[in-house]
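K.L.:
Number of protein chains: 2
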Amino acid sequence: MNAIIISIGTELTTGQSLDTNAPWLSERLTDLGLQVLTHITVSDDVTQIAEAFEQAMSHANLVVATGGLGPTPDDLSREALAIAIKEPLEIDDLALIQLKAFFLRLERPMPESNLCQAKRPRGCHMLPNPRGTAPGIRHSSDSKHFFLLPGVPSEMRAMFKQSIEPLASQLSSGARAARSRLLVFGISEARLSDMLNDLMTLGRNPSVGTSAADGVISIRIVARGENEAEAQNLLKNDVYEVKSRLGVAVFGEDEDSLASVTGRMLLDSGLTVATAESCTGGLIAKWLTDVPGSSGYFKEGFIVYQNSAKNARLGVPAGLIDRDGAVSESVARAMAEGCRAASTCDFSISTTGIAGPDGGCPPDKPIGLVYVGLAREGHTEVKRLILGDHLTRDQIRDRACKSALNMLRLWLIESR
Amino acid sequence: MNAIIISIGTELTTGQSLDTNAPWLSERLTDLGLQVLTHITVSDDVTQIAEAFEQAMSHANLVVATGGLGPTPDDLSREALAIAIKEPLEIDDLALIQLKAFFLRLERPMPESNLCQAKRPRGCHMLPNPRGTAPGIRHSSDSKHFFLLPGVPSEMRAMFKQSIEPLASQLSSGARAARSRLLVFGISEARLSDMLNDLMTLGRNPSVGTSAADGVISIRIVARGENEAEAQNLLKNDVYEVKSRLGVAVFGEDEDSLASVTGRMLLDSGLTVATAESCTGGLIAKWLTDVPGSSGYFKEGFIVYQNSAKNARLGVPAGLIDRDGAVSESVARAMAEGCRAASTCDFSISTTGIAGPDGGCPPDKPIGLVYVGLAREGHTEVKRLILGDHLTRDQIRDRACKSALNMLRLWLIESR
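These protein sequences, in sequence, are chains A and B. For the first sequence, numbering that gives the first Met the number 0 assigns the number 0 to the initial residue and increments by one for each residue that follows. For the second sequence, numbering that gives the first Met the number 0 assigns the number 0 to the initial residue and increments by one for each residue that follows.
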């Protein structure tokens with residue numbers, strides 16, 4: 000069973016936007032046991048889109064196209080599909096009602112130009128879009144299936160899971176892949192690869208591969224079996240093996256983050272945390288509050304960007320800042336302790352550092368130097384990170400926050 | 000004059016690697032005045048690659064394919080080209096000498112498997128690779144040009160500049176494209192399209208297209224001219240026209256963000272800002288401090304996630320929270336005013352809302368309800384946003400922060 004993916008948009012063929020939909024779809028379809036033959040990217044030209052649709056339908060069992068479903072004149076995928084399957088466009092009554100309801104809920108009038116989003120070629124089915132105004136369109140005939148989804152990634156993904164995933168499983172009939180993604184922080188990819196060398200042999204089933212992004216290493220394990228149970232069983236054994244070798248360096252799976260995992264541990268043990276951030280500017284707090292229900296363990300945060308704020312909010316002595324500098328072990332310690340005292344939380348995290356691209360004073364205070372403080376009752380720990388000036392400002396801030404959350408995570412594991 | 004781009008590799012069709020070559024080539028070719036019709040991505044299957052080559056050559060004046068030129072068994076682009084143009088593969092003597100010289104320079108023996116890299120279909124020309132072992136291959140006939148380049152981005156780019164750029168300029172015979180991307184916030188894509196309808200007519204030069212991502216609409220303007228000056232002139236006129244129609248809704252260009260633009264305005268006028276965030280959990284502060292030098296206008300931020308923190312840090316009366324609820328116009332106002340007083344900044348921004356996925360109480364307090372407060376001396380404004388429960392928690396927080404920064408931006412424009 001095979002599939003073709005089509006991405007539509009002049010912003011893609013002119014290189015102004017990066018297509019993240021095609022790689023995402025490829026990965027999902029491959030996981031579901033389908034073979035992705037090709038991706039095709041076409042510009043907003045109705046003839047070309049129609050031609051791509053027609054050719055793809057003649058080559059593959061499943062075609063998934065994204066984009067060109069918006070309300071503007073350069074959104075031509077509906078027309079192209081009508082041309083490709085030689086059916087006229089008509090209004091779908093239910094889609095029209097849903098579209099009107101969408102604007103009603105937002106307390107806004109529906110612009111005239113949105114009307115086209117209720118249209119589909121005759122004989123096609125609409126796929127509801129719970130997250131936006133563009134419904135998807137499905138066309139099936141002769142055991143061939145064509146899906147047109149919106150280009151907005153969040154809408155596309157939700158619709159894929161709802162409408163295509165069940166069908167794709169069915170199309171791949173039997174043979175299954177089961178997969179897991181373990182997330183690791185605090186070990187280099189090279190060292191990891193030495194530790195898992197025998198599991199990573201080419202052609203082994205399950206296959207084990209690693210990739211690094213933003214300081215986190217993902218270990219992808221894909222097990223194939225004659226059926227779901229066999230694949231799952233093979234997967235389970237490998238996940239167990241990898242976890243036993245790497246221990247606490249594995250912090251989570253799949254969509255976990257250091258913040259979500261740490262938050263869950265705090266919630267489970269009824270503990271609270273507050274943050275005092277300088278160079279990271281609120282990013283730790285942002286991550287902690289990304290998680291629904293985080294008010295159960297996150298009380299408040301201080302962003303003390305200028306030195307006067309470090310003094311006014313956290314009681315860091317001005318003399319200490321003068322003596323050691325704002326980026327110092329002693330200031331990170333005073334920030335963490337001051338934050339814990341002010342917030343009356345069980346834990347507090349502090350960061351102070353030089354995120355660059357300016358402001359470094361090597362060799363003592365180079366760009367990428369960050370002190371991370373962690374305070375609990377009766378004990379404060381400060382870690383000095385040398386993140387390196389080869390990283391960007393964004394990356395330095397990102398790594399500092401992850402290191403801070405990881406310190407708290409390891410404390411929570413120890414104290415269990 | 001038009002072009003087709005082909006990317007080759009199973010790592011691309013399975014979604015394991017992201018293709019950066021196609022967007023890079025698209026942008027270059029567009030800039031050189033060619034129209035990129037499609038990208039096609041194919042897996043390491045010799046029949047499929049050959050078919051893609053043949054079809055592309057029949058459709059476009061210029062075809063640029065990347066990948067599949069390595070020395071391993073899954074590198075099949077040479078064979079595929081031989082099949083597509085019906086010529087046998089043969090050793091290129093000069094390429095063989097260069098290949099041997101490459102290994103000589105590295106003081107390593109040449110592995111047997113590299114020998115295939117000196118092969119090309121009869122009648123084709125080799126393109127030297129100064130950075131690696133894989134030469135490119137060029138095939139020209141009947142004013143159609145086909146280029147096969149290595150997939151390694153640095154090698155591909157060097158070879159493109161050396162071998163394709165001069166030809167592409169020549170093919171587009173002087174014609175050039177100039178481009179601009181304007182960024183808009185606070186207008187729906189549908190309304191924008193109504194306002195720019197006549198400029199977005201298909202086939203018009205410059206071409207004007209829109210795309211939306213994360214609440215920001217990008218307007219892409221691409222002008223084509225007989226030469227650089229003509230293209231730039233056409234572009235300038237359209238940029239002026241779009242800006243006059245949309246006014247302050249256009250907040251920036253290219254890599255600008257609402258935070259960077261607002262920050263620049265604050266810096267230019269010597270003004271400062273502080274933040275008081277509840278539902279956005281530090282994201283506004285994070286964005287403001289993404290920008291190097293932001294300590295010039297950003298002093299501090301309060302993340303007052305639990306109600307007790309709103310009272311302790313910003314002096315929001317507990318009775319007010321009890322009466323109106325934490326998500327209310329009055330609390331947003333008190334937060335903004337309290338933050339401005341505590342921080343002694345010129346401006347303060349506050350947010351309080353229901354980011355979901357739980358905690359909504361429709362119809363009065365649905366998920367996606369956010370109050371954004373903005374205080375300056377003698378005046379506070381609060382805006383009620385109904386962002387809609389179709390958005391995710393991330394999206395609600397993102398839109399709330401953008402709306403808040405945009406309010407500040409509009410204030411700064413007004414007060415100029």
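Idealized CB from N, CA, C, for every residue including glycine. This one's a predicted model, so the numbers in the text were calculated from it and none came from an experiment.
Taking buried to mean at least 16 other C-beta atoms within 10 Å of its own C-beta, is B:E276 buried or exposed?
P.N.:
It counts as buried.
K.L.:
Take B:A273 as the anchor and find which of B:G372, B:G251, B:V381 and B:S25 has the nearest alpha-carbon.
P.N.:
Comparing Cα-Cα distances from B:A273 to each of B:G372, B:G251, B:V381 and B:S25, the minimum goes to B:G372.
K.L.:
Listed in chain order, which residues of the segment 247-260 of chain A have Cβ atoms closer than 9 Å to some Cβ of chain B?
P.N.:
From the segment 247-260 of chain A, no residue has a Cβ closer than 9 Å to chain B.
K.L.:
Does the separation of the CB atoms of A:I216 and A:L191 fall below 7 Å?
P.N.:
Contact: yes.
K.L.:
Consider the Cβ of B:S421: report whether some Cβ of chain A lies at a distance smaller than 7 Å.
P.N.:
Outside the displayed span of chain B (0 to 415) sits residue 421 of chain B, for which this structure offers no information.
K.L.:
Going by DSSP, name the residue or residues bridged to A:Q34.
P.N.:
In the DSSP output, where bridge partners are listed per residue, A:Q34 has A:N1.
K.L.:
Compile a chain-ordered list of the residues in the segment 389-406 of chain A whose CB is closer than 9 Å to at least one CB of chain B.
P.N.:
Answer in chain order: R392, D393 and R396.
K.L.:
Going by the beta-carbon positions, is the gap between B:E78 and B:V35 smaller than 7 Å?
P.N.:
No; because the gap between Cβ atoms is not below 7 Å, this pair is not in contact.
K.L.:
Taking the CB atoms as reference points, tell me whether B:G337 and B:G314 lie closer together than 7 Å.
P.N.:
Yes, Cβ-Cβ distance for B:G337 and B:G314 is below 7 Å.
K.L.:
Spatial neighbours of A:D43 within its chain, please: C-beta separation below 8 Å, excluding the five flanking residues on both sides.
P.N.:
Here the set comprises I7, G8, T9, G67, D73, D74 and L75.
K.L.:
Which first and last residues belong to the beta strand (DSSP E) in which B:G377 is found?
P.N.:
Where B:G377 is concerned, there is no enclosing beta strand (DSSP E), given that its DSSP letter is neither H nor E.
K.L.:
Taking DSSP's pairing of strands, which residues face B:A341 in a bridge?
P.N.:
The partner list for B:A341 (beta bridge, DSSP) is empty, contrary to what the question assumes.
K.L.:
Could you pull the start and end residues of the beta strand (DSSP E) that B:A177 belongs to?
P.N.:
First-last of the beta strand (DSSP E) with B:A177: R175 to V183.
K.L.:
Suppose you measure from the CA of B:P362 to the CA of B:A311; what does that come to, to the nearest Å?
P.N.:
Their backbone Cα atoms lie some 30 Å apart in a straight line.
K.L.:
Please report the Cβ distance between B:I96 and B:V41, rounded to the nearest whole angstrom; I am assuming they are in contact, meaning their Cβ atoms lie under 8 Å.
P.N.:
So it is not a contact: roughly 32 Å between Cβ atoms.
K.L.:
Between the alpha carbons of B:E154 and B:S142, how many angstroms are there, rounded?
P.N.:
Those two C-alpha atoms are separated by around 26 Å.
K.L.:
Looking at chain B, is there any beta carbon in it that lies within less than 7 Å of the beta carbon of A:D74?
P.N.:
Output row for A:D74: interface = no.
K.L.:
Pick helix, strand or coil for B:G67, following the three-state DSSP scheme.
P.N.:
B:G67 falls in the coil class under three-state DSSP.
K.L.:
Using a 10 Å radius around the Cβ and a threshold of 16 neighbouring Cβ atoms, would you call A:H144 buried or exposed?
P.N.:
It is buried - the Cβ of A:H144 has at least 16 other Cβ atoms within 10 Å.
K.L.:
Of the residues A:L195, A:Q305, A:T200 and A:N128, which one's Cα is nearest the Cα of A:R244?
P.N.:
When only C-alpha atoms are compared, the closest one is A:L195.
K.L.:
Beta carbon of B:N204, beta carbon of B:R223: below 7 Å?
P.N.:
The answer is yes: Cβ separation under 7 Å.
K.L.:
How about A:A55 and A:A83: are their beta carbons less than 7 Å apart?
P.N.:
Not a contact, by the Cβ cut-off of 7 Å.
K.L.:
Compare the Cα-Cα distances from A:D30 to each of A:P165, A:S140 and A:K85 and report the closest residue.
P.N.:
Looking at the Cα atoms, A:P165 is the closest of the given residues.
K.L.:
Just tell me which of A:Y304, A:H138, A:G246 and A:K160 has its CA closest to the CA of A:I186.
P.N.:
Residue A:G246 is the option with its Cα nearest to A:I186.
K.L.:
Considering only the beta carbon of each residue, do B:L98 and B:A117 sit closer than 7 Å?
P.N.:
Cβ atoms of B:L98 and B:A117: closer than 7 Å.
K.L.:
Would you mind telling me which residues of chain A sit closer than 7 Å to B:P362, beta carbon to beta carbon, in chain order?
P.N.:
Result: empty, since nearest Cβ-Cβ is about 10 Å, beyond 7 Å.
K.L.:
Are there 16 or more other CB atoms within 10 angstroms of the CB of B:C360, so buried, or fewer, so exposed?
P.N.:
Exposed is the call here.
K.L.:
Mind checking which residues open and close the beta strand (DSSP E) that includes A:I353?
P.N.:
Counting along the chain, A:I353 falls outside any beta strand (DSSP E), and DSSP gives it neither H nor E.
K.L.:
Is the separation between the beta-carbon of A:Y304 and that of B:S294 shorter than 7 Å?
P.N.:
Yes, they are a contact pair.
K.L.:
Given that B:Y304 touches chain A, what residues does it touch there, using C-beta distances under 7 Å?
P.N.:
The contacting residues are T288, S294, F297, K298 and E299.
K.L.:
Check each residue of the segment 31-46 of chain A: if its Cβ is closer than 9 Å to any Cβ of chain B, include it; give the result in chain order.
P.N.:
Listed by position, the residues of the segment 31-46 of chain A near chain B (Cβ gap below 9 Å) are Q34, V35, L36, T37, H38, I39, T40, V41, S42, D43, D44 and V45.
K.L.:
For chain A, check one thing: does any of its Cβ atoms lie closer than 7 Å to the Cβ of B:S179?
P.N.:
Not an interface residue.
K.L.:
Along chain A, in chain order, which residues have C-beta atoms closer than 7 Å to that of B:V371?
P.N.:
Under the 7 Å cutoff, chain A gives no residues; its nearest Cβ is about 17 Å from B:V371.
K.L.:
What span of residues does the alpha helix (DSSP H) with B:H58 cover, start to end?
P.N.:
From DSSP, the alpha helix (DSSP H) with B:H58 extends over V45 to H58.
K.L.:
Is the distance from the Cβ of A:R175 to the Cβ of A:A230 below 7 Å?
P.N.:
It is a contact, given that the beta carbons lie within the stated cut-off.
K.L.:
Determine the contact status of B:R408 and B:T209, defining contact as a CB-CB distance below 7 Å.
P.N.:
No, the Cβ-Cβ distance between B:R408 and B:T209 is not below 7 Å.
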